[in-house]
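Asks: Under the numbering used here, the first residue of the sequence shown is numbered 503, with each subsequent residue one higher. C-beta atoms are modelled at their ideal positions from N, C-alpha and C, and glycine is treated no differently. Computed from a predicted model, the values in this text were never measured in an experiment. Quick one: the structure is below, questions incoming.
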Amino acid sequence: MSTMPPHTPRRPLSPHLQIWRWHTTMFSSILHRVTGSASVAGAILIAAWLVSLALGREAYTCFLSLAASPLGLLVWFGLSLAGFVHLTGGLRHLIWDTGTGFEPKKADQIALWTMVLGVVLTLAFWALLFASGKVTL
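Set out below in structure tokens:
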């Protein structure tokens with residue numbers, strides 16, 4: 503004998519990203535999560551740098567040659583972009599913690615500006631690195 507009722511009513515399916523119309527605040531929220539996860543990869547690379555220091559000159563030189571290669575610089579650029587975008591997304595959350603910026607238009611503006619500011623900070627950071635002569639292609 504079954505404990506299930508003979509007729510189970512159809513329940514609505516929960517909304518999925520495919521049926522939502524994308525908007526700036528939604529994209530910014532997802533981007534904040536993705537960049538937070540990418541920052542973990544950056545932390546792992548920094549730990550690898552510290553391990554290479556502990557292993558001696560040869561390991562450290564190998565790490566530096568990989569990190570300074572064009573592919574390595576691209577990875578570092580991506581990680582710094584993730585870090586700055588995540589930082590500015592965190593500032594957006596701090597603004598929201600004050601109880602302001604929840605109106606849809608204002609929330610979209612803040613989300614857009616946090617993403618733009620993250621890109622600008624990344625470009626400024628790398629411009630300073632190249633201008634210092636410490637990083638070259």
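Taking three-plus beta-carbon pairs below 8 Å as touching, is the region 575 to 594 in contact with the region 615 to 622?
Replies: With a cut-off of 8 Å, the region 615 to 622 and the region 575 to 594 count as touching, because enough Cβ pairs lie within range.
Asks: Run through DSSP, which three-state label would E605 get?
Replies: Residue numbering aside, residue 605 sits at position 103 when the sequence shown is read from its first letter. Three-state DSSP puts E605 in coil, outside helix and strand.
Asks: Given a cut-off of 8 Å, decide if Y562 and S571 are closer than it, judged by their beta-carbon atoms.
Replies: Translated into the one-based positions of the sequence shown, residue 571 becomes position 69. Translated into the one-based positions of the sequence shown, residue 562 becomes position 60. Contact flag unset, no.
Asks: Please tell me whether, using a cut-off of 7 Å, the distance from the CB of A584 to the nearest non-hydrogen atom of the ligand ATP is below it.
Replies: Inclusion of the ligand ATP in the displayed structure is not the case, the ligand content being empty and no account of it being possible.
Asks: Could you tell me which of S567, W524, G580 sits nearest to L623, measuring between CA atoms?
Replies: Residue 623 sits at position 121 when you count from the first residue of the sequence shown. Comparing Cα-Cα distances from L623 to each of S567, W524, G580, the minimum goes to G580.
Asks: Can you tell me whether G585 is buried or exposed? The criterion is at least 16 other CB atoms within 10 Å of its CB, across all chains shown.
Replies: Within the sequence shown, numbered from 1, the residue matching residue 585 stands at position 83. The residue in question, G585, is buried, as its Cβ has 16 or more Cβ neighbours within 10 Å.
Asks: Looking at the secondary structure, which residues open and close the alpha helix (DSSP H) in which R594 lies?
Replies: Sequence index remark: in the sequence shown, residue 594 carries index 92 (1-based). It spans 572 to 599 - the alpha helix (DSSP H) in which R594 sits, taken as one unbroken run.
Asks: Just tell me which of I597, L639, S582 has its CA closest to the CA of A626.
Replies: As a first step, residue 626 is located in the sequence shown; it is residue number 124 there, counting from the start. When each option's Cα is compared against that of A626, the closest is S582.
Asks: Express the C-alpha separation of T600 and W628 in angstroms, rounding to a whole number.
Replies: Looking up residue 628 in the sequence shown gives position 126. Looking up residue 600 in the sequence shown gives position 98. Computed Cα separation, rounded: 32 Å.
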